[in-house]
Structure formats: C-alpha cells, structure tokens
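Undergrad:
2 protein chains.
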Amino acid sequence: MNLIPEPSVERLLSLTRLLDHLDVQFITSSEIESRTGWSSNTIRKDISYIEGSFASPVGYDRQKLATAIKSTLGLDKVQRFCVVGLGRLGSAYLHYSVFREEGYELVAGFDSSVNRIEILHSPVPLYPAYKMGEVISRFQITLALLCVPPEEAQKTAERLVTAGIKGIINFAPVVLQVPEGVHVRNVNVVDELRAISATIQCS
Amino acid sequence: MNLIPEPSVERLLSLTRLLDHLDVQFITSSEIESRTGWSSNTIRKDISYIEGSFASPVGYDRQKLATAIKSTLGLDKVQRFCVVGLGRLGSAYLHYSVFREEGYELVAGFDSSVNRIEILHSPVPLYPAYKMGEVISRFQITLALLCVPPEEAQKTAERLVTAGIKGIINFAPVVLQVPEGVHVRNVNVVDELRAISATIQCS
DNA sequence: CGGTGTGAATCTATTCACAGCA
DNA sequence: TGCTGTGAATAGATTCACACCG
C-alpha cells in the first residue's frame, strides 16, 4: 500500500492539522493553497491518493476529508508510546496534554536515575531504566521519544529495538543505527537551525 | 547558488553530524553507507556538490570534508537566535548547552508573562513580549524558536516577521502563514508520531 | 461556470556504470 | 586494486491542461 509518495504523505499530515483547526464546512484546493503555499494542483494530486467521497462543487467537505486522510494514513487508531530520558526536555513532554486528543497515549517514562524518578511529579507512571524491556512488552508500546544525552542515545536505542519498539523519535544530535523495519525520525533544534541557515545560504 | 538539491542538503547536514562524532582520519563512502543506510552512490553524489579537496584513495579526510560541507552550506558563521514562549518546552532550551558548540548563540528569551520572567532562572537574558521588536533588531537576531501555545502561534509569528526574523522553528502544532523569504521549519512531536504511524501503515 | 480528478509532459532526484586516479 | 567523481539512464515527483461533474 506504499503507493503514496513520501512528500505527499508529509503534506497530507500537515493538511489534517490545518483542517482540524478550521471551522468552515467546505474548503477548496485554492483556499488551501493560500494558507499553505502549496499549489492547488499539488494539493489535488495529494488528495487524489485518498479514497473516499468528500468532494463537492464548492470544495472538499472539511471534516470528511480529514477523517478520510487519517484513516488512509493509519492515524485513526490510538497508539501507545513512552519517553526515555527525563531531563528537562523529556520531562517537559510528560505534561504535554495534546497527545491524547491526537490519538497518542503516553503510558510510561524511563530514566536511569531512580532518584530523579522519585522527585518528578508526573501524570504518567515512571520506571527505572532497567525495567524498559519488561514494561514496553507488557503494555505493547510501539513508539518511543528518545530524550537521553547524546552519548547514551545509540546504546539506549538498541535496548528499545530489542524490546520491540517500531518507531523512535530521536532528540539527540546523533545519527542512530537501527535495523530494517525500525523507523527513526530525528527532531533536534540544532539540525533545524542548520537547515534554515543552509536554505538561506543556498537561495 | 541553489544548485544543491534539497534532499542532498538534508543528508549533508546529517553527515556533518556524523563526521563530527567520529575520530578516524579517513572515511569511505561505503563506511558512511553502513552507518547511515544511504547508498554509497548517493553519498558520493551528494559530496560531489561540495567544493574543495578532501578525497584520497583511502576515502575522505574526515575533518577536511566536514569543514568543506559546513562552509558550502553556510554553517561556519555564528548566528544569533531567540526563544519565544517560556513554558516547559521553551524554558528547557534556555539551558541547552549544545548551541554554542554548534555555532548558534541564544541571546534572548521572551514571554508575555512578566511574572514568569522574574521567576525563571536563566543563563540567557529574558524580556517581556512587548520588547520583542526592539530587542530583535538591536541584537540583529535572525532566527527564532517559537514555543508559544498553538492559539498564539500565528499572531506571534507575524510579530517576529515584522521584527525582521528570517527563520522560525515552529514547535506549535499549527500551519503558519508567513511571507516569502521567511523560512519555517515545523518541529512537533505529534507530527513526528504521525509520520511514523503513516510510514508503518504504508509499508 | 465553479469546482475536482487525472493522464501526459516536464522537471528533479537517484541509481548505475565506468573512467580516472593514486 | 580500491577508491572517488560524474555523465547517462532510470525512477520519481510536480506541474500542466483539460475532461468531467453538480
């Protein structure tokens, strides 16, 4: 079912975001163009990969379209995830309330410091790092936010993979090596700053 | 000078990261392949866009290559940036020490709550939001991390643009509208979770 | 007519295959 | 011989232009 081009998937993901925050009933591809900068042609092509009926002579039915995209992209099932590494960044996400509304359930936090786990106030259960494997398989957690320091990132990633994690969001500024079938997305501010610098430089 | 394809730029950015963390003198394109998963062909093509002499019969001179990439992509000049919105996420970045080593200098934090500014311990000067325009132009800040709540993101982005900001890293889960010439990169965990879900679904 | 949907054409990126070099 | 570098070939994404529909 990998017929949808990667770039289209990325745009469709942003599009659901946009659709969720509007409160009109219908929206045309040109209106989307003026809000996102992508050409209406591109948008219509992207949407053509989505099955369902949501088009009309006055544009797309906003809600139906959003639902159809989410279902085609597999965003309609709730998924469980965990946070590994509870420093300033990791622990900030323990309190991030948007996850629920978006279909992601944060079910565990891990840190190698037992002391830190005891001190932190958290709405989510916290565990010492040595329980990672056990907890991940018990709760069938498939995704992880990796917020440990750079020098521990690779080692920790390997433990996550062994435990059965299928996707890692890596906040450490390192290039992770993972086996086929495990998906990594790098999220890190320095890379983004650099990407903007490079874009400005090359234009 | 926009001859380098976007995807190549992205890979080259990750590559500098990798090169900086190795301590060998030479590295071949196949060694890079085994560490990153990109084919050695792709890597050689990417590197061919970089001017300079760093190749040898035993591979690339790691350090020379890293320097050449950084200079071609414009990463060799120190850039100033600010953080806007000092909630849990924004204030976490005030303490993030990696920026300096990577050529980015965090020179200001802004928040609309004067109370919060007074309470926070910060190694970086903090200002109330109404001083944004003044401070940004005084220090010639070109980049901003946008960490305000979603409902304030668009409005705040517009103020940043007016103040002369050229690049915004947007942590809010909304699609920002900005004029031509201003670059936005979206960094947000929910989107990344969704991207992984979609990739798993479509493969 | 306003819109959408989509093959065909164009443009871009990736892969291949081999020349050139130490 | 083992590497890089690069034109040529392939594969992929975007844009275009127009048929079609309410």
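For the record, the sequence lines run as chains A and B. For the first sequence, my numbering begins at 1209 and goes up steadily by one. For the second sequence, my numbering begins at 1209 and goes up steadily by one. Built from N, CA and C at the ideal position, the CB exists for glycine as well.
Quick test of your reading: T1350 of chain A and R1288 of chain A, contact by CB under 8 Å. State the CB separation rounded to the nearest angstrom.
TA: Rounded, the Cβ-Cβ distance is 7 Å, consistent with contact.
Undergrad: For the segment 1361–1394 of chain B, which segments carrying the alpha helix (DSSP H) assignment without a break, of at least 4 residues, lie completely within its bounds, in sequence order?
TA: Within the segment 1361–1394 of chain B, no complete alpha helix (DSSP H) run reaches 4 residues.
Undergrad: Which term fits S1299 of chain B, buried or exposed, when burial requires 16 or more other beta carbons within 10 angstroms of its beta carbon?
TA: Per the 10 Å Cβ criterion, buried.
Undergrad: For the alpha helix (DSSP H) containing L1226 of chain B, list its first residue and its last residue.
TA: Note, L1226 of chain B: alpha helix (DSSP H), 1214–1228.
Undergrad: With distances taken from CA atoms, which of B:V1398, B:V1392, B:Q1385, B:G1372 is nearest I1376 of chain A?
TA: Comparing Cα positions, the closest option is B:V1398.
Undergrad: Name the chain A residues whose beta carbon is nearer than 7 Å to that of P1381 of chain B?
TA: The contacting residues are R1225, V1306.
Undergrad: I'd like to know if the segment 1280–1296 of chain A and the segment 1246–1253 of chain A are in contact, where contact means that at least 3 CB-CB pairs between them fall below 8 Å.
TA: Touching, no.
Undergrad: Please report the distance separating the alpha-carbon of L1226 of chain B from that of L1226 of chain A.
TA: One C-alpha to the other measures close to 35 Å.
Undergrad: Within this structure, are the beta carbons of L1354 of chain A and V1292 of chain A separated by less than 8 Å?
TA: Against a cut-off of 8 Å, the Cβ pair of V1292 of chain A and L1354 of chain A comes out as a contact.
Undergrad: Pick helix, strand or coil for P1336 of chain B, following the three-state DSSP scheme.
TA: Here P1336 of chain B sits in strand by DSSP.
Undergrad: Do we get a CB-CB distance below 8 Å when we pair D1399 of chain A with the residues of chain B?
TA: Yes, its Cβ sits closer than 8 Å to a Cβ of chain B.
Undergrad: Drop a sphere of 10 angstroms on the beta-carbon of S1405 of chain B, count the other beta-carbons inside from all chains shown, and report buried for 16 or more, exposed for fewer.
TA: Classification of S1405 of chain B: buried, given that the 10 Å Cβ count is 16 or more.
Undergrad: By the criterion of Cβ-Cβ separation under 7 Å, what are the contact partners of P1236 of chain A in chain B?
TA: Reading off the sequence, residue 1236 of chain A comes out as Thr, not Pro. Near T1236 of chain A there are no residues of chain B at all, since even the closest Cβ is about 16 Å away, more than 7 Å.
Undergrad: Straight-line CA distance for E1313 of chain A to D1284 of chain A?
TA: Cα-Cα distance, rounded: 13 Å.
Undergrad: In chain A, what lies closer than 9 Å to L1368 of chain B by C-beta?
TA: Result: empty, since nearest Cβ-Cβ is about 13 Å, beyond 9 Å.
Undergrad: Measuring CB atoms only, is the segment 1327–1341 of chain B touching the segment 1365–1374 of chain B, in the sense that at least three cross pairs come out at less than 8 Å?
TA: Yes, since at least three Cβ pairs between the segment 1327–1341 of chain B and the segment 1365–1374 of chain B fall closer than 8 Å, the two stretches touch.
Undergrad: What residue range is occupied by the uninterrupted beta strand (DSSP E) comprising Y1268 of chain A?
TA: Unbroken beta strand (DSSP E) run through Y1268 of chain A: 1267–1269.
Undergrad: Using DSSP with H/G/I as helix, E/B as strand and the rest coil, what is D1231 of chain B?
TA: If DSSP states are grouped into helix, strand and coil, D1231 of chain B belongs with coil.
Undergrad: When the Cα atoms are used, what is the spatial distance from T1224 of chain A to T1250 of chain A?
TA: One C-alpha to the other measures close to 15 Å.
Undergrad: Taking all protein chains shown into account, do 16 or more other C-beta atoms lie within 10 angstroms of the C-beta of E1400 of chain B, making it buried, or fewer, making it exposed?
TA: Buried: at least 16 other Cβ atoms inside 10 Å.
Undergrad: Which residues in chain B have a C-beta closer than 8 Å to the C-beta of Y1268 of chain A? List them in chain order.
TA: Within 8 Å Cβ-Cβ: nothing; Y1268 of chain A doesn't reach chain B, min ~16 Å.
Undergrad: Between V1356 of chain B and V1332 of chain B, is the Cβ-Cβ spacing less than 8 Å?
TA: Going by C-beta atoms, V1356 of chain B is not nearer than 8 Å to V1332 of chain B.
Undergrad: Are any of the Cβ atoms in chain B nearer than 8 Å to that of Q1287 of chain A?
TA: It does; some Cβ of chain B falls within 8 Å.
Undergrad: For a contact defined as C-beta to C-beta under 9 Å, what are the partners of S1330 of chain B on chain A?
TA: Those do not exist, as S1330 of chain B stays about 12 Å from chain A at its closest Cβ, beyond 9 Å.
Undergrad: The beta strand (DSSP E) with Q1287 of chain A in it runs from where to where?
TA: Its beta strand (DSSP E) spans residues 1287–1292.
Undergrad: In the DSSP assignment, the beta strand (DSSP E) including E1313 of chain B goes from what residue to what residue?
TA: Start and end: 1312–1319.
Undergrad: Please check the pair I1294 of chain B and G1317 of chain B, which I expect to be a contact at CB under 8 Å, by giving their CB distance rounded to whole angstroms.
TA: Checking the sequence, you will find Leu at residue 1294 of chain B rather than Ile. At roughly 6 Å, the Cβ-Cβ gap stays under 8 Å, so L1294 of chain B and G1317 of chain B are in contact.
Undergrad: Could you check if R1346 of chain A is buried or exposed, using at least 16 other CB atoms within 10 Å of its CB as the buried criterion?
TA: Its Cβ having fewer than 16 others within 10 Å, R1346 of chain A is exposed.
Undergrad: Going straight from the alpha carbon of V1382 of chain A to that of S1238 of chain A, what length do you get?
TA: Those two C-alpha atoms are separated by around 40 Å.
Undergrad: How big is the Cα-Cα spacing for L1221 of chain A and Y1268 of chain B?
TA: Those two C-alpha atoms are separated by around 38 Å.
Undergrad: Would you kindly work out how many angstroms separate the C-alpha atoms of A1378 of chain A and V1266 of chain A, rounded to a whole number?
TA: The sequence given here places Asn at residue 1378 of chain A; Ala does not occur at that position. Computed Cα separation, rounded: 42 Å.
Undergrad: Check the Cβ-Cβ distances between L1230 of chain B and every residue of chain A, and say whether any is below 8 Å.
TA: Cβ-Cβ to chain A under 8 Å: no for L1230 of chain B.
Undergrad: Between S1345 of chain A and chain B, is the shortest Cβ-Cβ distance under 8 Å, so that the two count as touching?
TA: No, no contact with chain B.
Undergrad: Checking 8 Å against the spacing of the C-beta atoms, do I1344 of chain B and C1290 of chain B come in under that value?
TA: Against a cut-off of 8 Å, the Cβ pair of C1290 of chain B and I1344 of chain B comes out as a contact.
Undergrad: Output, in chain order, the set of chain A residues within a Cβ distance shorter than 7 Å of T1244 of chain B.
TA: Result: V1383.
Undergrad: For the alpha helix (DSSP H) holding L1354 of chain A, just list the boundary residues, first then last.
TA: Premise fails: L1354 of chain A lies in the beta strand (DSSP E), 1351–1354, not in any alpha helix (DSSP H).
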